[in-house]
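Per the UniProt record's numbering, the sequence shown starts with residue 1, numbered consecutively.
Yeah, the Cβ is synthetic: ideal placement off N, Cα and C, and Gly gets one too.
These numbers were taken from a predicted model, which means no experiment stands behind them.
Take a look at the structure below.
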Amino acid sequence: MWNIINLSCRCNNTKSHIKLWTSTIFHRSFSEELEFRVLNLKTTRTQQSARKRLQKPDVLPPRTNKMPIDQDWGNVWPGPRSFHPATVPLPIRQGFTQKKAAPPSKYANAELMKIPNFLHLTPPVIKRQCESLKRFCTPWPQGLETDDKCEKYFPLHTASSSYCYSSPSIRDPLARIVTLQLKLSSLQLNEHAKDKFRRIVGDRYNEENDVVTIVADRCPLRQQNYDYAMYLLTAVYHESWVRKGNLSISIGSSFHNLKKGFT
1 MWNIINLSCR CNNTKSHIKL WTSTIFHRSF SEELEFRVLN LKTTRTQQSA RKRLQKPDVL
61 PPRTNKMPID QDWGNVWPGP RSFHPATVPL PIRQGFTQKK AAPPSKYANA ELMKIPNFLH
121 LTPPVIKRQC ESLKRFCTPW PQGLETDDKC EKYFPLHTAS SSYCYSSPSI RDPLARIVTL
181 QLKLSSLQLN EHAKDKFRRI VGDRYNEEND VVTIVADRCP LRQQNYDYAM YLLTAVYHES
241 WVRKGNLSIS IGSSFHNLKK GFT
């Protein structure tokens, strides 16, 4: 009997504790809901968080500050490469400014880095390379000691140009042009052939220095223009020796076909 009474008392005590705890929790939550947070639109110094200082890595001084005056530049810049301001001990400037100021310096200058340079081809380096290539060269032919002798045995001169082209394509359209020059006296023509040759080439013959100039620029490649110029020279040479019954007929018919190749 006493056990039943004790159990009932314990149950009543636990119920009373549960009611007490629920009431306290309700009052706490209700009081917290009544407290509104203040909206701060303006920050104060006390509210700012401490900023971390950025530690920049230690950068070595430029190499130009330690370069001696009598150094070997071929060892510093041995081959073609992009421009590097810390390696070139020269106050180089490149670029354009909107205001009338000095051009930008060499540091962080994209204009200097994107263009090709020839810092690896200084005169001492070129001389050294020529000395090293001498053992691979053949001796100069005997009998060609003067320019007159060279022109006598090699009368034909060929000229073309190569360009350093800064664009999406490295091919410059002017590099295809080929120029052939030779003296008319080196062809060993008679009076009739020489007169006919001069009539065909027209103003491409210079009477002052006796030089015939043929410029070929029709084809897209240099080799094609060279072959075309050699073809024109060969065709004019052989046509100048052609002799028909009436000279006026040959000049009127044959010359007209060959002049189409020059125009």
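So what's residue i in DSSP terms, helix, strand or just coil?
i	result
Asn-190	coil
Val-125	helix
Asn-65	helix
Gln-181	strand
Thr-158	strand
Ala-216	strand
Ile-4	Because Ile-4 carries a pLDDT of 41, less than 50, the predicted location of this residue cannot be relied on, and the following value inherits that uncertainty. Three-state result, Ile-4: helix.
Asn-206	strand
Val-201	helix
Under 8 Å between the Cβ atoms of residue i and residue j?
i	j	result
Thr-146	Gln-181	no
Gly-79	His-120	yes
Ala-193	Trp-241	yes
Pro-155	Lys-196	no
Ile-177	Asp-203	no
Lys-106	Pro-85	yes
Thr-64	Trp-77	no
Pro-116	Cys-164	yes
Val-215	Thr-179	yes
Given this structure, state the Cα-to-Cα distance separating residue i from residue j, to the nearest angstrom.
i	j	result
Leu-90	Asp-148	44 Å
Gln-71	Ile-92	19 Å
Trp-73	Tyr-228	45 Å
Glu-111	Ser-132	34 Å
Ala-159	Val-201	19 Å
Asn-206	Ala-108	53 Å
Thr-234	Leu-187	11 Å
Asp-58	Ile-126	38 Å
Val-211	Glu-191	17 Å
Since residue i and residue j are thought to touch, with beta carbons under 8 Å apart, how far apart are those beta carbons, to the nearest angstrom?
i	j	result
Ser-82	Met-113	5 Å
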